[in-house]
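Protein chains in written order, with the numbering used here: chain A, 1 to 353; chain B, 1001 to 1285. Notes for the one structure printed next.
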């Protein structure tokens, strides 16, 4: 016995981490790269600002107005990515939901609240279909949801035209319950004179809920496991397929919520609304430290990613730069952030992997 | 594999196991196969396999590539159903339709590469599928601190001392990862622990670590099924040895009545190995 103990104790010493310093623990946080990036970009736009408004509460109301709807969906796109899947139909789903709710209200005279409920059910069904197709066919979710994307894009245009004769649904403010629904989903509130969108509150609450869901619940453990190694997860008794399907449904529901918010705020919806947004969501999630292969990431990170987009959307015109460069800017940010995240996580893991 | 290292580990494992081999426990075997066969279409993967696995012993299943080891594991762990014969757990005939059924009967399988999720922390891996919760299960909050503490103490019980259970399990060595997987199965009450080639991808030291934890599991009364193609490793820890070749059981031995050479001979098919040894020595000469 003694003989063996001595022979293993020196093995143990040179192979395990003897202590974990605080900065290593900080560096292991997946959202660190996004946070550092957000600080640098904030300072950059504050310096470049020509209006003197960027770093004020009014400025904050501006960039959070842009960031909130992106952030709400990004958080769930991030959970889905951690679970190892993509959803390219999340952007178009915003439009589909707004149009669906709008048509229920204007064409069927449905109560606004009932229409919202029906829309959420419809979105859950679409998410379920995405999920079941992915887990049953074993096709990459990239392909499955790309198909859903195009199907919905076509339906949005064709159905809207067929019913209304135009490419827009309007007049929803005539529906019953419009005012109360608008107060909840599309009003503003004042903070020291600055008008913030209520969507910001939704965004913060949803980020907090998603963070608890991911890091503290059993379901969160299943998300990490499903994306990290689906086979190992199955061997440990994790219901991987169910986890993925639920994630697709949550993503679709979050897009639907944003669709309803836009519908109420704009009093109507264009048939093309939301198309292209899916890339913003994926960029936010990737900037926020989500691994594209699944298994790692954070909800807070995705929200910080969305905030960076808000900085760019407001900061670029404030700096009197050409607005057309926003996409280029986001492209560069995406590449830089993912590279930094990768470097940091490699360092934190001690050069492995 | 260096001869010296091998002997060192052998001596160490021998010491840990106690000099006397524990006699197989009396009573009902934890697992029993009676004339079990498995065919896939016209291919006969296994034929007339009979074996029994007792609690508190290590049963080694040895075989070269293609001997039918994987098929046997898959039957024991509930992935495949046997096409003939009887499979008994605690003396009762069973028919598993999935690994979950087997797990529910206390049969845990640790697959070589598929035991843990590398990016997840050690404690998350440890509790994966058995998360400690308060409240409604999937949405129940995990007591994180409690889980970390339990992971640490459960690993210590198996003699694995890791300071930080919050680090990604992928940062551990292969042997340590297997050890955590073994500790997990034991902690969550596995009565039978099936290990699929746990040492095949590991170096000598790492293999030694895993062999030590196999014995630790045995000490706790677990029936261990150790599948390997390495007779040295099997000989160090095994109480009973079954040899498979081309889907058939060609020999079985009990500890104390068999020498390492016999195992190697039987595994390689005796005469074949002798001629091979002759060939090699003529090249070397």
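Think of the CB as a built atom: it goes at the ideal place given N, C-alpha and C, for glycine as much as any other residue. Predicted, not measured: the structure shown is a model, and the values here were computed from it.
Residues near residue i by beta carbon distance below 7 angstroms, same chain, minus five either side
{"i": "residue 1277/B", "result": "none"}
{"i": "residue 289/A", "result": "30, 31, 33, 34, 297, 298, 301 and 341"}
Neighbourhood of residue i by C-beta distance below 8 angstroms, restricted to the same chain and skipping five residues each side
{"i": "residue 160/A", "result": "99, 103, 166, 167, 168, 169 and 271"}
{"i": "residue 201/A", "result": "189"}
{"i": "residue 237/A", "result": "none"}
{"i": "residue 1159/B", "result": "1212, 1213 and 1216"}
{"i": "residue 1024/B", "result": "Here residue 1024/B scores only 45 on pLDDT, less than 50, and its place in the model should not be relied on; the value that follows carries that caveat. So the qualifying residues of the chain are 1054, 1057, 1239, 1240 and 1254."}
{"i": "residue 1080/B", "result": "1038, 1071 and 1074"}
Partner residues on chain A for residue i, Cβ-Cβ distance less than 9 angstroms
{"i": "residue 1241/B", "result": "By Cβ distance, chain A contributes nothing, its closest Cβ being about 22 angstroms from residue 1241/B, past 9 angstroms."}
{"i": "residue 1099/B", "result": "234, 235 and 237"}
Where the beta strand (DSSP E) through residue i begins and ends
{"i": "residue 248/A", "result": "Unbroken run through residue 248/A is the alpha helix (DSSP H), 240-266; no beta strand (DSSP E)."}
{"i": "residue 1045/B", "result": "1043-1053"}
{"i": "residue 190/A", "result": "188-191"}
{"i": "residue 162/A", "result": "First-last for residue 162/A: 141-164, but that is the alpha helix (DSSP H), not the beta strand (DSSP E)."}
{"i": "residue 1240/B", "result": "1240-1245"}
{"i": "residue 1194/B", "result": "1192-1196"}
{"i": "residue 226/A", "result": "Unbroken run through residue 226/A is the alpha helix (DSSP H), 218-228; no beta strand (DSSP E)."}
{"i": "residue 1060/B", "result": "1058-1063"}
{"i": "residue 1101/B", "result": "That residue, residue 1101/B, is in no beta strand (DSSP E); its alpha helix (DSSP H) goes 1099-1104."}
{"i": "residue 1085/B", "result": "1084-1089"}
Contact set between residue i and chain A, taken where Cβ atoms lie within less than 8 angstroms
{"i": "residue 1131/B", "result": "218 and 221"}
{"i": "residue 1046/B", "result": "Near residue 1046/B there are no residues of chain A at all, since even the closest Cβ is about 22 angstroms away, more than 8 angstroms."}
{"i": "residue 1218/B", "result": "Within chain A, no residue comes near residue 1218/B; the closest Cβ sits about 15 angstroms away, beyond 8 angstroms."}
Residue-chain proximity (residue i, chain A), Cβ-Cβ < 8 angstroms
{"i": "residue 1115/B", "result": "yes"}
{"i": "residue 1022/B", "result": "Its pLDDT being 44, under 50, residue 1022/B is placed unreliably by the model, and nothing is read from it."}
{"i": "residue 1221/B", "result": "no"}
{"i": "residue 1142/B", "result": "yes"}
{"i": "residue 1025/B", "result": "Any reading at residue 1025/B must be qualified, since the residue scores a pLDDT of 46, below 50, and its modelled position is unreliable; no value is offered."}
{"i": "residue 1255/B", "result": "no"}
{"i": "residue 1078/B", "result": "no"}
{"i": "residue 1128/B", "result": "yes"}
{"i": "residue 1274/B", "result": "no"}
{"i": "residue 1320/B", "result": "The requested residue 1320/B is not part of the displayed model; chain B covers only 1001 to 1285."}
{"i": "residue 1266/B", "result": "no"}
Closer than 7 angstroms: residue i CB and nearest the ligand MN heavy atom
{"i": "residue 76/A", "result": "In terms of ligand content, the structure shown is empty, and the ligand MN therefore cannot be addressed."}
Any C-beta of chain B under 8 angstroms from that of residue i
{"i": "residue 225/A", "result": "yes"}
{"i": "residue 235/A", "result": "yes"}
{"i": "residue 228/A", "result": "yes"}
{"i": "residue 238/A", "result": "yes"}
{"i": "residue 352/A", "result": "Annotation note: pLDDT 42 at residue 352/A (below 50); position unreliable, no value reported."}
{"i": "residue 346/A", "result": "no"}
{"i": "residue 319/A", "result": "no"}
Chain-ordered chain A contacts of residue i [CB-CB under 7 angstroms]
{"i": "residue 1111/B", "result": "235"}
{"i": "residue 1103/B", "result": "237"}
{"i": "residue 1051/B", "result": "What residue 1051/B touches in chain A: nothing, since even the nearest Cβ is about 23 angstroms away."}
Contacts of residue i in chain B (Cβ-Cβ under 7 angstroms)
{"i": "residue 232/A", "result": "1114, 1115, 1116 and 1117"}
Where the alpha helix (DSSP H) containing residue i begins and where it ends
{"i": "residue 65/A", "result": "57-82"}
{"i": "residue 1037/B", "result": "Taken as a continuous stretch (DSSP letters only), residue 1037/B belongs to no alpha helix (DSSP H), being part of the beta strand (DSSP E) at 1031-1040."}
{"i": "residue 1211/B", "result": "1204-1219"}
{"i": "residue 1116/B", "result": "From DSSP, residue 1116/B is part of no alpha helix (DSSP H); its letter is neither H nor E."}
{"i": "residue 1251/B", "result": "From DSSP, residue 1251/B is part of no alpha helix (DSSP H) but of the beta strand (DSSP E) over 1248-1254."}
{"i": "residue 1176/B", "result": "1174-1187"}
{"i": "residue 182/A", "result": "178-185"}
{"i": "residue 29/A", "result": "It is not in any alpha helix (DSSP H) - residue 29/A carries neither H nor E in the DSSP assignment."}
{"i": "residue 1151/B", "result": "1144-1157"}
Under 8 angstroms from the C-beta of residue i: neighbouring residues of chain B
{"i": "residue 296/A", "result": "1119"}
Contact belief for residue i with residue j at Cβ below 8 angstroms, rounded distance in angstroms
{"i": "residue 123/A", "j": "residue 210/A", "result": "In fact, because the Cβ distance is near 17 angstroms, the residues do not count as touching under 8 angstroms."}
{"i": "residue 31/A", "j": "residue 300/A", "result": "5 angstroms"}
{"i": "residue 1165/B", "j": "residue 1152/B", "result": "5 angstroms"}
6 angstroms Cβ shell around residue i - same chain, five flanking residues per side excluded
{"i": "residue 73/A", "result": "90, 254, 255, 258 and 281"}
{"i": "residue 318/A", "result": "49, 51 and 54"}
{"i": "residue 1184/B", "result": "1126"}
{"i": "residue 269/A", "result": "98, 99, 102, 169 and 263"}
{"i": "residue 1107/B", "result": "1192"}
{"i": "residue 1022/B", "result": "With a pLDDT of 44 at residue 1022/B, under the threshold of 50, the predicted position of this residue should be treated as unreliable, and no value is reported."}
{"i": "residue 233/A", "result": "225, 226 and 240"}
{"i": "residue 1266/B", "result": "1243 and 1251"}
Residues that residue i contacts on chain D, provided the C-beta gap is smaller than 7 angstroms
{"i": "residue 1180/B", "result": "Of the protein chains in the structure, A and B, none is chain D."}
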